[in-house]
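Everything below concerns the one structure shown next.
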DNA sequence: GCAAACTGTAACTATATTGGTTACAGAAGA
DNA sequence: TCTTCTGTAACCAATATAGTTACAGTTTGC
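Chains as they are written, first to last, in the working numbering: chain A, 1 to 176; chain B, 1 to 176.
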């Protein structure tokens, strides 16, 4: 269905920020974690800032951080910020209005797709960023996170960023 | 999200067949209702036949019809037949395995996306093709449907098939 | 047997969306 | 003023879907 990873990346970015607590993160740093280009991240951060989920600061010592506490940001907020259209699309071109089915199928489908969208939204509304951080493996952030964790990731770039050849074989799961 | 109208078109096609009852429909006829090319319809009918939702007959007097009764086909069956991947995709490239968040975010997301997929599927599982036909405006099929309805649509092609220039303005709703 | 009416399918093009990349203007700290 | 950031434009690449033409093969009915 969705050929886009926008929601997954947005959740990743914001989870990283929640995990980093008050620390302001650079787009280069986030991009390293997501394994993509910093501009892709900055584009997404602009969208997230428009939806008031993050605040960014230009200039030296700038960066981005969450605009609210992790427990006050739900996955629905993130979904709405980066995935504008509903789960399914309707016909690309309108059906034949002179066919008794064609002229009516749109409203039937709209009812169904609204039900589907509501179901998705109610799942996402019940998960906060705080929950997401909590679901990361417990060993990740026990104590002294700011030093062990975020700072500890800084010097990765030369060593272990996965190379992107063979993209398909490296995707996270059978979903892609 | 989904840039595809595959699910919408598949529901349209099968609703048309349910509405036509036992009558076998030609791909040209279906394409006229959907307002697309017959080959697009035949491709989709092949997928639906693989999932045992329709049966097709080649040759003169051929065509396609439902393989089961409308009350025994759910929208979930249709969804699974034409939309293989889940609602959301994961990262296009795997995140940085040396970032404590990157290495764990995949399993967190998979949990969430499974919940979302289940919610969608449970909505779709509770709607049958018979329901969909019933939701078409009641005036559509009151009595003598086979003669008034399906046959009555046959001679449309010259008159009122919406032209496809200005595609965007003509889509069914704000979804697209 | 043969023509007509169908489906199934290959091959190609068109279109749209997303993601990746380079480049650069402008902001802000040192 | 130099450096380090964000914001953003412009472009290319990759992918998925849809539209189109063409044709082989099947079935019906004369």
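Where is the CB? At the ideal position from N, CA and C, for every residue including glycine.
Q. Whose CA, out of 7/A, 19/A, 10/A and 9/A, lies closest to the CA of residue 135/A?
A. Selection 7/A, 19/A, 10/A and 9/A evaluated against residue 135/A yields 19/A as nearest (Cα-Cα).
Q: Name the two residues that bound the continuous alpha helix (DSSP H) containing residue 59/A.
A: First-last for residue 59/A: undefined, no H or E at that position.
Q) Just reading off the alpha helix (DSSP H) that residue 101/B is part of, what are its end residues? A) Here residue 101/B belongs to no alpha helix (DSSP H), and DSSP marks it neither H nor E.
Q) Of all the CB atoms in chain A, is at least one closer than 8 Å to the CB of residue 26/B? A) no
Q) Taking Cβ positions, are residue 48/B and residue 27/B nearer each other than 8 Å? A) no
Q: Taking residue 34/A and residue 95/B to be in contact with their CB atoms under 8 Å, please state how far apart those CB atoms are, rounded to whole angstroms.
A: Indeed, because the Cβ distance is near 6 Å, the residues count as touching under 8 Å.
Q. Just the Cα atoms here: how many angstroms apart are residue 115/B and residue 61/B?
A. 46 Å
Q. Residue 7/A CB to nearest chain B CB: under 8 Å?
A. yes
Q. Who are the neighbours of residue 32/A on chain B, taking C-beta pairs under 8 Å?
A. 96 and 99
Q.
Let me make sure I understand the geometry here. Which of 40/B, 101/B, 63/B and 113/B has the alpha-carbon closest to that of residue 23/B?
A. 63/B
Q: Give the interface partners of residue 137/B over in chain A, defined as CB-CB distance under 7 Å, in chain order.
A: 104
Q: Tell me, please, whether the region 96-107 of chain B touches the region 69-85 of chain B by the rule of three or more beta-carbon pairs shorter than 8 Å.
A: no
Q | Between the CA atoms of residue 25/B and residue 195/B - distance to the nearest angstrom | A | Shown here, chain B extends from 1 to 176; a query on residue 195/B therefore has no answer.
Q) Mapping DSSP to helix, strand and coil, what is residue 3/A? A) coil
Q.
So with CB distances below 9 Å, who are the chain A contacts of residue 16/B?
A. 99, 101, 102 and 105
Q | Chain-order list of residues whose beta-carbon lies under 7 Å from that of residue 128/A (same chain, five-residue window excluded) | A | Non-local C-beta neighbours of residue 128/A in its own chain, meaning closer than 7 Å and more than five positions away in sequence, comprise 70, 71, 73 and 74, ordered along the chain.
Q: Taking the CB atoms as reference points, tell me whether residue 76/A and residue 14/A lie closer together than 8 Å.
A: no
Q: Closer than 7 Å by beta-carbon distance: list the chain A residues that pair up with residue 127/B, in chain order.
A: 112
Q: Within 10 angstroms of the Cβ of residue 86/B, are there 16 or more other Cβ atoms? Answer buried if so, exposed if not.
A: buried
Q: Please check the pair residue 91/B and residue 8/A, which I expect to be a contact at CB under 8 Å, by giving their CB distance rounded to whole angstroms.
A: 5 Å
Q: Indicate whether at least one CB of chain B lies closer than 8 Å to the CB of residue 4/A.
A: yes
(Q) Is residue 54/A close to chain B? Criterion is C-beta to C-beta, closer than 8 Å. (A) no
Q) Closest Cβ-Cβ distance between residue 36/B and chain A: below 8 Å? A) yes
Q. Can you give the beta carbon distance from residue 119/B to residue 30/A, rounded, assuming they're within the 8 Å contact cut?
A. In fact, because the Cβ distance is near 29 Å, the residues do not count as touching under 8 Å.
Q | For residue 108/A, the three-state DSSP class (helix, strand or coil) | A | helix
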